[in-house]
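Chains as they are written, first to last, in the numbering used here: chain X, 447 to 785; chain B, 447 to 785.
Glycine residues also receive a C-beta, built at the ideal position from the N, C-alpha and C atoms.
This one's a predicted model, so the numbers in the text were calculated from it and none came from an experiment.
A short write-up of the structure that comes next.
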DNA sequence: CTGTTAGCGCCTTCAG
DNA sequence: CTGAAGGCGCTAACAG
């Protein structure tokens, strides 16, 4: 049995108001069928006592929790170090709050944690789930759809109609950055991309090559896959820049990579952007602290969070028809590329 | 009524196993009083069907949610831009996960949101609450204690025995940084501090002055309060550095302030650290990207999160005695100060 | 060791 | 327009 608590129940309010619990319930849920006078009397008592319906009881009765789960594919402590997840989390939080949903945060960096999330879902702790950066073939996603849990993916596109998703124009951004370098007369372009299993990286690659295709015939280009951190960027740039046929433009798939490239250029005495243009992705907080400041791509994180929540709630409430959305990115021009 | 769902209940499992619901319940909660054979048979069926007890029902019955709320005093989207909150959130999340608690995230940047959190608490959505950076006189904290909600503060010390708290040695760090500059022969020290309503800033100030007190008599020093961002740091440093009696050491209350100081020094052609030593606080991600790299103070965020969760769970479960903890900071020596 | 019996607090038909 | 009653799924006393 539940331990005693001084909390009031709907029955207490009912007897205080001289009505039945049902009437109080109807009143609190704004349902029709309560006289104006009665309603006001009840509402007064409710606010006098600061009464709040017990959420567990309500959940048990309605089958809805009014909570959405946000599942990150990393340790929480890793999530927060990521260039975009924290802001995305913030956006999701704000959007949820506006929609009057609470959020629960989960992380899965190991199989047991997948189970934990599924337990939470199976235990009906959440009405739906949003997954930043999970592939549609992710085992968690599979099981979620098997369990008919409303699910929205962020940063991954899929044909599966039971899944909602939101992504942004990584391809366009990469293409535009590349075209700009080309327009500045660059003839030897390299893309330092992240691993292809990251959906965003595949799109960025596509954009890069799309731009290259339209380039003059004397342009040479190359795509190299590296880890998405500064050390890898530095190492790759070192090799490239000291080799024959050194690039005069490097499009990087992340600011971290780009900062490594900048380090290498500085060590080699290469002038950025005069001799070498460099661009990043993410608009990380440190992008304004590098020397020179990094030209980069800003994701529409706020809009992404809002869109994801909108889609998810529509799925939960069985309304809405659209199941996905693609949002535009913004290029932030700074000092590491020519104007 | 709850809508139909294909989910199994404890009764289904019970009849499948040929026992009563009570026995299944005891089994699933590892309570004594179930025969070994029966227990195993039930467990097999449970796992076969992937059965999970409905959390709402369990909550209603036990009065416990196994969820803790984390309340930030900002918009979620602001929280994530903060130098330490995201990592703190991560640490809390990891600690909660280890302790088998789920976390719910709330933010209060306006009075209505205070109500929202209280509703959540009153609706018993959480068993306890941790508040990063809330003062003990904060209205939310007052109401939380009135409602007897187990509460732990982070970064704020209080004498109120009903509150738990965790903080770290901001004072020691500031003192040590100051002493080091003194030891390097600095004679004109300035502390660029944040507003005094921030508990950490008060402690940092205390440490600074404690170190100054032990200094030689020809040392002059000053504390100036600025906003905790780069622009304010830059402006203050500009004034200081171009004035008479320019400082040769500046202890800043945040990396953001310090990066502004670095900018000013560079513009003025002042050599850091030779002519001017500069230190920050927080070990923000950009601190390794500044030129020169910033000497700063790293907070024990992981330990703080773990300690806060430990304290909170002890309060929730009515065990434990200690109600607070002070953790040590670490100074990260980099290029903006002399070795 | 196991079954039975009451609730936990709310929502929701069904009467009146 | 309002009251009464049953049920959501689980836990916890109490019998046996």
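Amino acids of chain B, ordered along the chain, whose beta-carbon sits closer than 9 Å to that of residue i
{"i": "residue 549 of chain X", "result": "522, 550, 551, 552"}
{"i": "residue 506 of chain X", "result": "448, 500, 502, 503, 505, 506"}
{"i": "residue 705 of chain X", "result": "735"}
Check whether residue i and residue j have beta carbons under 9 Å apart
{"i": "residue 722 of chain B", "j": "residue 682 of chain B", "result": "no"}
{"i": "residue 515 of chain B", "j": "residue 589 of chain B", "result": "no"}
{"i": "residue 612 of chain X", "j": "residue 693 of chain X", "result": "no"}
{"i": "residue 598 of chain B", "j": "residue 574 of chain B", "result": "yes"}
{"i": "residue 709 of chain B", "j": "residue 728 of chain B", "result": "no"}
{"i": "residue 566 of chain B", "j": "residue 552 of chain B", "result": "yes"}
{"i": "residue 726 of chain B", "j": "residue 750 of chain B", "result": "no"}
{"i": "residue 417 of chain X", "j": "residue 657 of chain X", "result": "Residue 417 of chain X is absent from the model: chain X starts at 447 and stops at 785."}
{"i": "residue 731 of chain B", "j": "residue 730 of chain X", "result": "yes"}
{"i": "residue 554 of chain X", "j": "residue 563 of chain X", "result": "yes"}
{"i": "residue 494 of chain B", "j": "residue 455 of chain B", "result": "no"}
{"i": "residue 640 of chain X", "j": "residue 652 of chain X", "result": "no"}
{"i": "residue 685 of chain X", "j": "residue 696 of chain X", "result": "no"}
{"i": "residue 627 of chain X", "j": "residue 783 of chain X", "result": "yes"}
{"i": "residue 758 of chain B", "j": "residue 534 of chain B", "result": "no"}
{"i": "residue 550 of chain X", "j": "residue 549 of chain B", "result": "yes"}
{"i": "residue 744 of chain B", "j": "residue 707 of chain B", "result": "no"}
{"i": "residue 543 of chain B", "j": "residue 559 of chain X", "result": "yes"}
Nearest residue (CA-CA) to residue i, options the options
{"i": "residue 768 of chain X", "options": "X/557, X/753, X/495, X/651", "result": "X/753"}
{"i": "residue 491 of chain X", "options": "X/473, X/503, X/502", "result": "X/473"}
{"i": "residue 668 of chain X", "options": "X/674, X/684, X/634", "result": "X/634"}
{"i": "residue 604 of chain X", "options": "X/617, X/587, X/545", "result": "X/587"}
{"i": "residue 770 of chain B", "options": "B/778, B/761, B/707", "result": "B/761"}
{"i": "residue 557 of chain B", "options": "B/584, B/579, B/532", "result": "B/584"}
{"i": "residue 505 of chain X", "options": "X/757, X/569, X/578", "result": "X/569"}
{"i": "residue 453 of chain X", "options": "X/493, X/498, X/464, X/479", "result": "X/498"}
{"i": "residue 780 of chain X", "options": "X/748, X/455, X/718", "result": "X/718"}
{"i": "residue 517 of chain X", "options": "X/539, X/785, X/691", "result": "X/539"}
{"i": "residue 395 of chain X", "options": "X/646, X/764, X/650, X/550", "result": "With chain X represented from 447 up to 785, any question about residue 395 of chain X goes unanswered, as that position is not in the structure."}
{"i": "residue 528 of chain B", "options": "B/642, B/659, B/579", "result": "B/579"}
{"i": "residue 508 of chain B", "options": "B/494, B/475, B/535, B/484", "result": "B/475"}
{"i": "residue 602 of chain B", "options": "B/608, B/629, B/623, B/644", "result": "B/644"}
{"i": "residue 661 of chain X", "options": "X/673, X/648, X/623, X/487", "result": "X/623"}
{"i": "residue 617 of chain X", "options": "X/774, X/457, X/458, X/785", "result": "X/774"}
{"i": "residue 772 of chain B", "options": "B/687, B/646, B/691, B/503", "result": "B/646"}
{"i": "residue 513 of chain X", "options": "X/531, X/487, X/547", "result": "X/547"}
{"i": "residue 609 of chain X", "options": "X/592, X/457, X/621", "result": "X/592"}
{"i": "residue 724 of chain B", "options": "B/687, B/691, B/606", "result": "B/687"}
One or two residues paired with residue i in a DSSP bridge
{"i": "residue 550 of chain X", "result": "X/515, B/550"}
{"i": "residue 669 of chain X", "result": "X/637"}
{"i": "residue 776 of chain B", "result": "B/744"}
{"i": "residue 696 of chain X", "result": "X/636, X/724"}
{"i": "residue 771 of chain X", "result": "X/612"}
Chain X residues whose Cβ lies nearer than 7 Å to that of residue i
{"i": "residue 737 of chain B", "result": "737"}
{"i": "residue 566 of chain B", "result": "548"}
Chain B contact residues for residue i, given Cβ-Cβ distances below 8 Å
{"i": "residue 731 of chain X", "result": "527, 730, 731, 732"}
Span of the alpha helix (DSSP H) around residue i
{"i": "residue 568 of chain B", "result": "557-568"}
{"i": "residue 589 of chain X", "result": "585-592"}
{"i": "residue 716 of chain X", "result": "Here residue 716 of chain X belongs to no alpha helix (DSSP H), and DSSP marks it neither H nor E."}
{"i": "residue 539 of chain X", "result": "531-544"}
{"i": "residue 597 of chain B", "result": "That residue, residue 597 of chain B, is in no alpha helix (DSSP H); its beta strand (DSSP E) goes 597-600."}
{"i": "residue 470 of chain X", "result": "467-474"}
{"i": "residue 505 of chain B", "result": "501-508"}
{"i": "residue 482 of chain X", "result": "482-495"}
{"i": "residue 688 of chain B", "result": "676-688"}
{"i": "residue 462 of chain X", "result": "456-463"}
The beta strand (DSSP E) enclosing residue i, as first and last residue numbers
{"i": "residue 651 of chain X", "result": "Segment 645-659 is the alpha helix (DSSP H) holding residue 651 of chain X; no beta strand (DSSP E) there."}
{"i": "residue 731 of chain X", "result": "Note, residue 731 of chain X: premise wrong, no beta strand (DSSP E); not H, not E."}
{"i": "residue 576 of chain X", "result": "574-578"}
Chain-ordered chain X contacts of residue i [CB-CB under 9 Å]
{"i": "residue 479 of chain B", "result": "Correct list: empty, because the minimum Cβ distance to chain X is about 17 Å."}
{"i": "residue 569 of chain B", "result": "498, 499, 500, 501, 502, 504"}
7 Å Cβ cut-off: residues of chain B touching residue i
{"i": "residue 700 of chain X", "result": "The premise fails here: residue 700 of chain X is roughly 13 Å from chain B at the closest Cβ pair, so nothing lies under 7 Å."}
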